[in-house]
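These notes concern the structure reproduced below.
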């Protein structure tokens, strides 16, 4: 049978699962694996970029803008590779991609511990933060979670993305101490070993979709004829019958508004995340205080997962998505107020507010795409938006670095990031869920 480009294999005939418990068991193991994978990917990406910025630029004689070229180049490659990797998740699942990503991370970080030239750093950043991140991070992890859950998808994605929050909570403080103690070169060598040791076992946990193992999403027994399982089964059938292909999704206004909104979010988020520690130290705060503020962001990020997961069951996701970006904007405004005053407690409040909005980025974005377009082709659909989102994400750190090199301050560019957040919030707010696809009654029954 011929498949459309980027489309997954045809759904196999449903096989009754041995027990309901087995389906629930594996589904929640997928969530655990997604949380660990995202902790590893995010913890070695934007969460610690600011930790390495000053030591590396001072040691190698680079400017702040030159340093950010590594992360921005990685963003760009991640966007391009995401276009290809999304359909591969649909077709082959997360395991082979994560195993490949673990090897790329190990090789790239070990190479970073030996860099002398800027081009070497940029190339290795593209391998780790571009290709490696795309194979391990939220795209692969959350697409897999979306395939294992329909009715419980909000909670599952919120818990799976908690790894992003733990990364922001733990990694900046930990890596600041490591870099200050052993230097940035040995710190990168340690990350090479850690990433391989953490990601490989996680990859072995991951499964492509429940149907491959005689299960259904949410752990539902397909033989159940009544009660909660019957209602959940109907929701799953509706999701499958009304899943949009990538080509169909691209003909809707919703996907363009979502890509634009979350692209602007990524631009502001990445710019603030990479430059948050230098922003504070330039205003007289110690590196340890700056790292602690970023950890406060991680705490808020983690705490927010429970709030967003709870609200997803009660409030339309587009309102929550817009609210999360507006909350992040308010946090950056507080940073601009507290930094010149040297008010550390208010700065902690600012990072908490920013982190609370930041915490909604992954679960809300993953949920809204799955809600709007269904789970069958969700990998291909998420992948097609990556180049645009990542392009804007790559621009954020470069914009901040160029502005700082020109004016010696981050004030003006952080104001731009506030406006960027608000524009993204508006785009998400005005998006509308595409109408259900028209399918024959017989097809609905078969689904």
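Numbering (the working numbering), first residue to last: -16 to 430.
Ideal Cβ placement from N, Cα and C applies to all residues, glycine included.
Are residue 243 and residue 315 closer than 7 Å when you measure CB to CB? no
Given residue 387, which residues of its chain have a CB within under 8 Å of its CB, disregarding the five upstream and five downstream residues? 47, 48, 258, 261, 393, 396
Roughly how far, in whole angstroms, is the beta-carbon of residue 364 from the beta-carbon of residue 352, given that I think they are within contact range, below 8 Å? 6 Å
Cβ pair residue 72, residue 15 closer than 7 Å: no
Between which two residues does the alpha helix (DSSP H) containing residue 390 stretch? 361 to 390
Note down, in chain order, each residue of its chain lying with its Cβ closer than 8 Å to the Cβ of residue 302, except the 5 sequence neighbours on either side. Taking C-beta separations shorter than 8 Å and ignoring five residues to either side along the sequence, the partners of residue 302 in its chain run 412, following chain order.
Residue 418 by DSSP, collapsed to three states: which one? coil
Please report the distance separating the alpha-carbon of residue 184 from that of residue 20. 10 Å
Can you tell me the Cα-Cα spacing of residue 33 and residue 57, whole angstroms? 15 Å
Taking the C-alpha atoms as reference points, what is the distance between residue 175 and residue 168? 11 Å
So, with DSSP's three-state summary, where would you put residue 268? coil
State the CB to CB distance for the pair residue 373 and residue 62, rounded to an integer number of angstroms; the pair is presumed to be in contact (CB under 8 Å). 3 Å
Only counting runs of 4 or more residues, tell me where the alpha helix (DSSP H) segments fall wholly within the segment 74 to 126, in order along the chain. Runs found: 77 to 95, 101 to 108, 116 to 119.
Do you know how far the Cα of residue 76 is from the Cα of residue 406? 35 Å
Cβ neighbour criterion (16 or more within 10 Å) applied to residue 180: exposed
Once you ignore the five residues that flank residue 404 on each side, which residues in its own chain have a CB closer than 6 Å to its CB? 251, 308, 311, 312
Identity of the residue in 152, 64, 130 nearest residue 23 by Cα: 152
Nonlocal neighbours in the same chain, by C-beta distance under 8 Å from residue 114, ignoring five residues either side: 60, 61, 64, 84, 87
Ignoring anything shorter than 4 residues or poking outside the segment 239 to 298, list the alpha helix (DSSP H) runs there in chain order. Those alpha helix (DSSP H) runs which fall completely within the segment 239 to 298 and span 4+ residues are 270 to 295.
Do residue 119 and residue 68 have their CB atoms nearer than 7 Å? no
Enumerate in chain order the residues of its own chain whose CB-to-CB distance from residue 93 is below 8 Å, with the five nearest sequence positions on each side excluded. 171, 172, 175
Quick one: grab the DSSP three-state call for residue 158. helix
Cβ-Cβ distance between residue 338 and residue 283 below 7 Å: yes
Take every Cβ of the segment 154 to 161, pair it with every Cβ of the segment 264 to 278, and state whether three or more of those distances are shorter than 8 Å. yes
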